[in-house]
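**Student:** Numbering (the working numbering), first residue to last: 156 to 508.
Beta carbons are placed, not taken as given, at the ideal position from N, Cα and C, and that holds for glycine.
These numbers were taken from a predicted model, which means no experiment stands behind them.
Next up is a structure, given as structure tokens.
Shown next as structure tokens:
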């Protein structure tokens, strides 16, 4: 372990807790409160329904489920993605399960059919119905509001809700500058958690838990490789490696390798100046390497000068982006019950076209 002296003088805390909110514990398990969320929250908010990589070709679709709602998200063409309630207009039978590619949605019960644009294209034995029961507008699949942003398709069950960007600022502008739409999925994982969805969400809204939950990320956890204390470059490289071991989307191995090539660089003696020089040099090296491969990546130092820094950001109510250098992790959190949550992680990185 490192044995160098550490200055433990507390630093000023700009946003110290002044008056703690007392949150009723029932919000995290009570079925009645969960039912209120089902009625008042989830039908009125923008939700990340799928990554666009999941529907790259016309006819590609994904079923998005939230509580008792099932939504079809389908690509019409290179420019258009639409969403519909996943229900036959005759008897309400689900039209699709999971994901796939189709030119026609076919009801598995009576065989009624719909095109990708939601128009009904076939009714079995229409002579058995009065004409007023087969109005083309009545037979259309019920549309769900759908917008595309940040490499994802988003849905909202409320026709009167504000546009996506109005709900997502400044989150959207921050990641527009970071070119989040050019990130691509490297891997995806999901798990079920035996907790309320809000507890799973709140865990990523603060860094207060890091010393206890993730002590391996602290400089004091660095293994001593020699009698010489590690320098700033070595300490930062240790952090990048450790963060990348379990969360490769946050610190990608490509960026770690670039940092390894800089660990012996000369740095100023002043710690603040040394950190500024190290980070600026590393940012430039990462941008140069990725652009040489043809990747679309912003000037990281320019973003820093403009105050657009890497930080965990939250898109209410269930989407996170956790950026580091060229890559990011993104989280989606969905309730499955009062005390059960579906937690998903995407590792996102820059890839050549």
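#1: Only counting runs of 3 or more residues, tell me where the beta strand (DSSP E) segments fall wholly within the segment 251 to 314, in order along the chain.
#2: Could you tell me which of 167, 293, 493 sits nearest to residue 347, measuring between CA atoms?
#3: Mind checking who residue 476 pairs with in its DSSP beta bridge?
#4: Applying the 10 Å Cβ sphere with the 16-neighbour rule, what's the burial state of residue 230?
#5: Below 8 Å between beta carbons: does that hold for residue 459 and residue 437?
#6: Whether or not the segment 283 to 296 and the segment 185 to 192 are in contact is what I'm after, with contact meaning three or more pairs of Cβ atoms, one per stretch, closer than 8 Å; do they touch?
#7: Please go through the same chain and pick out, in chain order, the residues whose beta-carbon is closer than 6 Å to the beta-carbon of residue 260, but skip the five residues on each side of it.
#8: Between the alpha carbons of residue 299 and residue 257, how many angstroms are there, rounded?
#9: DSSP puts residue 239 in a beta bridge; with which residues?
#10: Cα separation between residue 175 and residue 181?
#11: Looking only at its own chain, which residues have a Cβ that is under 6 Å from the Cβ of residue 320, when we skip the five neighbours before and after it?
#12: Taking the alpha-carbon of residue 301 as reference, which of 417, 240, 405 has the nearest alpha-carbon?
#13: Taking buried to mean at least 16 other C-beta atoms within 10 Å of its own C-beta, is residue 195 buried or exposed?
#14: Quick one, which of 262, 445, 355 has its alpha-carbon nearest residue 122's?
#15: Within 10 Å of its beta-carbon, does residue 235 have 16 or more other beta-carbons around it, so buried, or fewer, so exposed?
#16: Per DSSP, residue 215 is paired with what?
#17: Counting beta carbon pairs with one atom in the segment 411 to 428 and one in the segment 484 to 500, are three or more of them shorter than 8 Å?
#18: Would you please state the rounded distance, in angstroms, between the beta carbons of residue 503 and residue 339? I believe it to be under 8 Å.
#19: By Cβ distance, which residues of its chain are closer than 8 Å to residue 199, with the 5 residues on each side in sequence left out?
#20: Is it the case that the CB of residue 390 approaches a heavy atom of the ligand ADP more closely than 7 Å?
#21: With a CB to CB cut of under 6 Å and the five nearest residues on each side skipped, what residues in its chain are close to residue 455?
#22: My output table needs one value for residue 244: the three-state DSSP class, helix, strand or coil.
#23: Name the one or two DSSP bridge partners that residue 496 has.
**Tutor:** So, from the listed chains and residues:
#1: 254 to 256, 259 to 261, 268 to 270, 275 to 277, 298 to 304, 307 to 311
#2: Within the chain shown, the letter at position 192 stands for residue 347. Taking only the C-alpha atoms, the option nearest residue 347 is 493.
#3: Stepping through the chain shown from its first residue, residue 476 is reached at position 321. Its beta-bridge partners are 468, 485.
#4: Your numbering for residue 230 matches position 75 in the chain shown. With 16 or more other Cβ atoms within 10 Å, it is buried.
#5: In the chain shown, residue 459 corresponds to position 304, counting from 1. In the chain shown, residue 437 corresponds to position 282, counting from 1. Against a cut-off of 8 Å, the Cβ pair of residue 437 and residue 459 comes out as no contact.
#6: no
#7: As a first step, residue 260 is located in the chain shown; it is residue number 105 there, counting from the start. Correct list, in chain order: 250, 269.
#8: Sequence index remark: in the chain shown, residue 299 carries index 144 (1-based). Sequence index remark: in the chain shown, residue 257 carries index 102 (1-based). Each residue's alpha carbon lies about 19 Å from the other.
#9: Taking the chain shown and counting its residues from 1, the one referred to as residue 239 is at position 84. BP columns for residue 239 point to 227, 298.
#10: The residue given as residue 175 occupies position 20 in the chain shown. The residue given as residue 181 occupies position 26 in the chain shown. Between residue 175 and residue 181, the C-alpha separation is close to 18 Å.
#11: For the purposes of this step, residue 320 is taken as residue 165 along the chain shown, with counting starting at 1. These residues qualify, in order along the chain: 327.
#12: Position 146 of the chain shown, counted from the start, is the residue given in the question as residue 301. Ranking the options by Cα distance to residue 301, first place goes to 240.
#13: As a position in the chain shown, residue 195 is number 40, starting the count at 1. With fewer than 16 other Cβ atoms within 10 Å, it is exposed.
#14: No answer is possible for residue 122: it lies beyond the span of the chain, which begins at 156 and ends at 508.
#15: Sequence index remark: in the chain shown, residue 235 carries index 80 (1-based). With fewer than 16 other Cβ atoms within 10 Å, it is exposed.
#16: For the purposes of this step, residue 215 is taken as residue 60 along the chain shown, with counting starting at 1. Answer is 256.
#17: no
#18: Here the question's residue 503 lines up with position 348 in the chain shown. Here the question's residue 339 lines up with position 184 in the chain shown. Confirmed, about 7 Å.
#19: To locate residue 199, count along the chain shown from 1; it is residue 44. So the qualifying residues of the chain are 311, 312, 313, 316.
#20: This structure lacks the ligand ADP, and indeed carries no ligand of any kind.
#21: Residue numbering aside, residue 455 sits at position 300 when the chain shown is read from its first letter. Closer than 6 Å at the Cβ level, and outside the excluded window around residue 455, lie 438, 442.
#22: If you number the chain shown from 1, residue 244 lands on position 89. Three-state result, residue 244: coil.
#23: In the chain shown, the residue the question calls residue 496 occupies position 341. In the DSSP output, where bridge partners are listed per residue, residue 496 has 348, 490.
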